[in-house]
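Sequential numbering from 106 applies to the sequence shown in our numbering.
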Amino acid sequence: MTAEVSRRAPVRHRYRQQWWWWALMGLIVVVAVVVGAGSPPRSGTSDERLFALAGRLKCLQCVGESVAASQAPLAIQFREEIRDQMRQGGTDDEILNFFADRYGTEVLLTPPSSGVGGLVWVVPVVVVAGAVLLLAGTFRRWSRERSEHHASDEDVALVADALAAEPRAGSRPVLAPAPAPEPEPRSDDR
């Protein structure tokens with residue numbers, strides 16, 4: 106049994122190393138998502154910037170439509186307000202905060218990445234990571250339990266006897282060759 110344990114030790118060590126690599130890659134993905142969510146939008150022309158900002162605001166008169174896509178009167182007023190604040194030199198964050206302060210954070214199509222709104226970004230990642238770790242632990246435990254169950258000597262003998270008693274797959278029983286038919290007598294009536 107000592108030799109068996111020593112043969113298994115490197116395999117367990119290899120699985121531990123793989124687990125850490127997966128955890129490290131998951132952490133890198135989470136950091137990339139957080140950094141990407143906090144990066145400022147690209148600057149463009151004023152119309153591009155206007156519609157980019159309007160695309161981040163929800164139309165309060167429409168269902169599931171942004172201010173950029175809506176033709177509702179309130180959406181048109183929102184776009185005019187965005188244009189006025191852009192002329193006054195307001196940054197994207199200042200303009201979005203203006204609407205969030207006036208109408209509440211539900212006007213934002215993208216939830217804020219800080220405070221309680223940050224939970225919207227973090228909770229799904231944590232749930233998925235937890236599920237992956239739970240599955241990995243469960244599979245690991247199952248493989249350990251399976252490797253710990255060994256057949257007893259009685260079980261091995263019982264299987265060997267059963268295999269010896271049954272004909273092997275693919276083999277045919279040996280049969281005596283069938284006797285050749287006797288030729289019929291010929292009559293020479295010619």
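The beta-carbon is built from N, C-alpha and C at its ideal position, and this holds for glycine as well.
For clarity, every value in this text was computed on a predicted model and none was experimentally measured.
- Task: Identify which residue in PRO286, GLY223 and VAL237 has its Cα closest to the Cα of VAL140.
- Result: Among PRO286, GLY223 and VAL237, the Cα nearest to that of VAL140 is on GLY223.
- Item | Cut-off 8 Å between Cβ atoms - residues of its own chain near MET130, not counting five sequence neighbours on either side | No residues qualify anywhere along the chain.
- Is there contact here, the segment 236-256 with the segment 153-160, by at least three beta-carbon pairs under 8 Å? Between the segment 236-256 and the segment 153-160, the count of C-beta pairs closer than 8 Å stays below three; the two stretches do not touch.
- How would you label ILE187, buried or exposed, when you count the other beta carbons within 10 angstroms and need 16 or more for buried? Residue burial is scored here from C-beta neighbours: ILE187 has at least 16 other C-beta atoms within 10 angstroms and is therefore classed as buried.
- Taking only the alpha-carbon atoms, compute the straight-line gap between TRP124 and PRO229 and give it to the nearest angstrom. If you take the alpha carbons of TRP124 and PRO229, they lie about 21 Å apart.
- Task: List the residues that DSSP assigns as beta-bridge partners of LEU162.
- Result: Paired residue(s): LEU213.
- Extent of the continuous alpha helix (DSSP H) to which GLU186 belongs: Start and end: 178-192.
- Message: Quick check: the Cα distance between MET191 and PHE204, rounded to an integer number of angstroms?
- Response: In this model, MET191 and PHE204 are separated by some 13 Å (Cα to Cα).
- With burial defined as no fewer than 16 other Cβ atoms inside 10 Å of the residue's Cβ, what is the status of PHE183: buried or exposed? Residue environment: PHE183 is assigned as buried (16 or more neighbouring CB atoms within 10 Å of its CB, all protein chains considered).
- Task: Give me whichever residues DSSP pairs with SER171 in a beta bridge.
- Result: According to DSSP, SER171 bridges with LYS163.
- Where does SER257 fall in DSSP's three states? Of the three classes helix, strand and coil, the one that applies to SER257 here is coil, per DSSP.
- Rounded distance between the beta-carbons of LYS163 and LEU214, thought under 8 Å: The Cβ separation is near 5 Å, so the contact holds.
- Give the straight-line distance between the Cα atoms of TRP127 and VAL264, rounded to the nearest whole angstrom. Rounded to the nearest angstrom, the two C-alpha atoms are 42 Å apart.
- Query: Which whole-angstrom value is the C-beta distance of VAL172 and ALA180, which I expect to be below 8 Å?
  - Reply: About 5 Å separates the beta carbon of VAL172 from that of ALA180, a gap short enough to meet the 8 Å contact definition.
- Message: For a test of the three-state rule: what should DSSP assign to GLU287, helix, strand or coil?
- Response: In the three-state reduction of the DSSP assignment, GLU287 falls in the coil class, being assigned neither a helical nor a strand state.
- Query: For the alpha helix (DSSP H) that contains GLU199, what are its first and last residues?
  - Reply: Boundaries of the alpha helix (DSSP H) around GLU199: 197-208.
- Query: Cβ atoms of LEU165 and TYR208: under 8 Å apart, would you say?
  - Reply: Inclusion of TYR208 and LEU165 in the CB contact set at 8 Å is warranted, their separation being smaller than that value.
- Task: Run the CB neighbour count on SER151, radius 10 Å, all protein chains shown included, and call it buried at 16 or more, exposed below.
- Result: SER151 counts as exposed, since fewer than 16 other C-beta atoms from the protein chains shown sit within 10 angstroms of its C-beta.
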